[in-house]
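A short worksheet on the structure shown next.
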Amino acid sequence: MHRFLEATYYGSPVWLQNFAVTALGYGLRRERRGPEGTALLEILRQAERWAASDIEAYVDAQLRAMVAHAFDRVPYYRRLSQQTGLKASDIQSTRDLSTLPILEKEQLRRNPEDFTAEPRGGERRLRLSTSGTTGTPLAVFCDVASRRRHYAFWTRLRAWFGITPGTYRATFFGRVICPRGQERPPFWRVDHFQRNYLFSSHHLHGENLASYCEALKRLQPPEIIGYPSSLHAVAAYVLDKGLTDIRPRVVFTTAETLLPHQRHAIEQAFGTKVIDQYGSVEMVHFVSQCEEGSYHVHPEHGLLEVLGADDRPVPVGTPGGAVCTTFVNRTMPLLRYRLGDQVVLRDATCKCGRNFPLVADILGRVDDVLVTPSGRPLGRLTPVFSQLNGVRAAQIVQPSLDRLVVRLVLGSAFSERQREHLLYELGKRTGKEMRVDLEVVSEIPREPNGKFRAVVSLVSQLKR
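Residue numbers (the numbering used here): -4 to 459.
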């Protein structure tokens, strides 16, 4: 937002801010919903009943179309074709993918225009920026048609749980919708056009949490969606105070890795399922849980490869790096784009009846893997918090190879026994190689984008 407009917005009364948020919501809805999304949504609904062979044929057709488009209109791929002799017609199916080079995020960061399709016919280009968990900005481009195609997948996902586009919802994301220095509620604004109550993720601490819960109790939104860390902060307060009167139909989490203790607390607090979605601003993949709780790749959105250190597919059940190819963003048609996340595929069928590929686990960013002085990966440490109802928020920081610092925001139920249990569980995993320090804090700062990092490896940052 322009600084003058931002200052005007923050200086306005809340009712006028709600009007501005609603006006912005009108524009966003026009961007996100339209004929391109409606047409694709009809295909998506049919695809739920397709046989595996039908899905494979659809994926191959989408791959051929996107590769042809990229080689025709994207400078990087045109140059690749000229330099190597590789032609779009050489890619006929997923079996031919290995002939394409893997695209690294740093390449995109250095020169995003090189991966952007040349506009034709007055196409309007939208710029979406992301910093992820690294804080390093990355420019992503799309057009309105791509946005509408992408949001068709959200419409389908919501429909699985009885949520329609007109359903009221509460959202907890990173937009600074009220001044950071604001000390009194309301810490939320209302987009009346999209029926969206936007709650600030930047004020979720201390006494403020009571006003959040009072608002949710009054509103009773059928859908709550947001960062797992934001929803966990509210859930921890709900459990700490013994509240039982906030009952949404479904809770969606997205944009951060959902940790086991967060899922457990959110489901306990709100008395409903947590449905996790895994995607990216680059619009190269869409993974979500279904009604049975299984994680599905939505194959019509893009192709997900899981590769090892040698850039070859790993066996099913083995962690590997996520490499994705978009089928929806024709403005920035990224082919074999390395996300920097670790994923585990699963070989099974789901009771929901959809023949979509299954994901066993989403492990998050490679950069945030903790290691011991001997080089042993520690794996996930966050499950140690799952049985500690006295912990409202936690962050594990590795400042050096031989030390972990665990930052804790505590609730009234935390006891010396829980402290001893936490140190014991951490010690079981770290052994004698590492020192573990507990640090009690009033709050854990979020990233500038409002996201929360549960694991921070300063060691990996020093190595880069």
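Ideal placement from N, C-alpha and C gives every residue a C-beta, glycine not left out.
Buried or exposed for residue 31, please, with buried defined as at least 16 other CB atoms from any protein chain shown within 10 angstroms of its CB.
By the neighbour-count criterion, in which a residue is buried when 16 or more other Cβ atoms sit within 10 angstroms of its Cβ, residue 31 is buried.
Per DSSP, residue 333 is paired with what?
318
Using the Cα positions of residue 163 and residue 185, report the straight-line distance between them to the nearest angstrom.
11 Å
To which residues of the same chain is residue 66 closer than 6 Å at the C-beta, ignoring the five residues directly before and after it?
Apart from sequence neighbours up to five positions away, the residues of its chain that approach residue 66 with a beta-carbon distance below 6 Å are 72, 76, 83, ordered along the chain.
For residue 191, which three-state DSSP category applies?
strand
Would you kindly work out how many angstroms separate the C-alpha atoms of residue 451 and residue 286, rounded to a whole number?
32 Å
Just to confirm the assignment, what range does the alpha helix (DSSP H) spanning residue 15 have?
9 to 27
Which residues bound the alpha helix (DSSP H) around residue 302?
Where residue 302 is concerned, there is no enclosing alpha helix (DSSP H), although the beta strand (DSSP E) it sits in stretches over 297 to 302.
Tell me whether the stretch 99 to 117 and the stretch 2 to 11 touch, counting them as touching only if at least three CB pairs, one residue from each stretch, are closer than 8 Å.
no
When the Cα atoms are used, what is the spatial distance from residue 284 to residue 268?
Taking the straight line from one Cα to the other gives about 10 Å.
Check for me: the alpha helix (DSSP H) holding residue 422 runs from which residue to which?
Counting along the chain, the alpha helix (DSSP H) containing residue 422 begins and ends at 411 to 425.
Below 8 Å, can you find three or more Cβ-Cβ pairs linking the stretch 184 to 201 to the stretch 413 to 421?
no
Quick check: the Cα distance between residue 438 and residue 209, rounded to an integer number of angstroms?
21 Å
Which residue or residues does DSSP assign as beta-bridge partners of residue 283?
272, 291
Closest by CA to residue 25, which one among 80, 107, 140?
140
Can you name the start and end residues of the alpha helix (DSSP H) that residue 149 belongs to?
139 to 154 is the span of the alpha helix (DSSP H), which, as asked, contains residue 149.
Given a threshold of 16 other Cβ atoms within 10 Å of its Cβ, counted over all protein chains shown, does residue 111 qualify as buried or as exposed?
By the neighbour-count definition (other C-beta atoms within 10 Å, threshold 16), residue 111 is a buried residue.
Can at least three beta-carbon pairs, one atom from the stretch 38 to 53 and one from the stretch 199 to 209, be found at a separation below 8 Å?
no
Could you tell me whether the Cβ atoms of residue 328 and residue 16 are closer together than 8 Å?
no
How many Å lie between residue 265 and residue 94 at the Cα?
48 Å
Who pairs with residue 395 in a beta bridge, going by DSSP?
Residue 395 is bridged to 398.
Determine the closest residue to residue 461 out of 167, 106, 1, 158, with distance taken between C-alpha atoms.
Nothing can be reported for residue 461: it is not among the residues displayed for the chain, which extend from -4 to 459.
Quickly, what does DSSP pair residue 164 with across the bridge? List them, please.
Beta-bridge pairing links residue 164 to 191, 218.
Taking only three categories from DSSP, how would you classify residue 359?
Correct three-state label for residue 359: strand.
Tell me the rounded alpha-carbon separation between residue 234 and residue 149.
Roughly 29 Å separates the two Cα atoms.
In the DSSP output, what is residue 435 paired with across the bridge?
Secondary-structure assignment with DSSP links residue 435 through a beta bridge to 403.
Which residue wins for smallest C-alpha separation from residue 91, given the options 146, 54, 121?
54
DSSP three-state call for residue 452: helix, strand or coil?
strand
Tell me whether residue 351 sits in a helix, a strand or coil according to DSSP, three-state version.
Three-state DSSP puts residue 351 in coil, outside helix and strand.
For residue 277, count neighbouring Cβ atoms within 10 angstroms of its own Cβ and tell me buried if that reaches 16, exposed if not.
buried
Can you check DSSP and say which residues form a bridge with residue 120?
138
Counting beta carbon pairs with one atom in the stretch 291 to 304 and one in the stretch 317 to 332, are three or more of them shorter than 8 Å?
yes
Which residues share a DSSP beta bridge with residue 248?
221, 271
Taking only three categories from DSSP, how would you classify residue 341?
strand
For residue 291, tell me which candidate among 347, 86, 436 has the shortest Cα-Cα distance.
347
Does the pairing of the stretch 390 to 402 with the stretch 306 to 314 give three or more beta-carbon distances under 8 Å?
no
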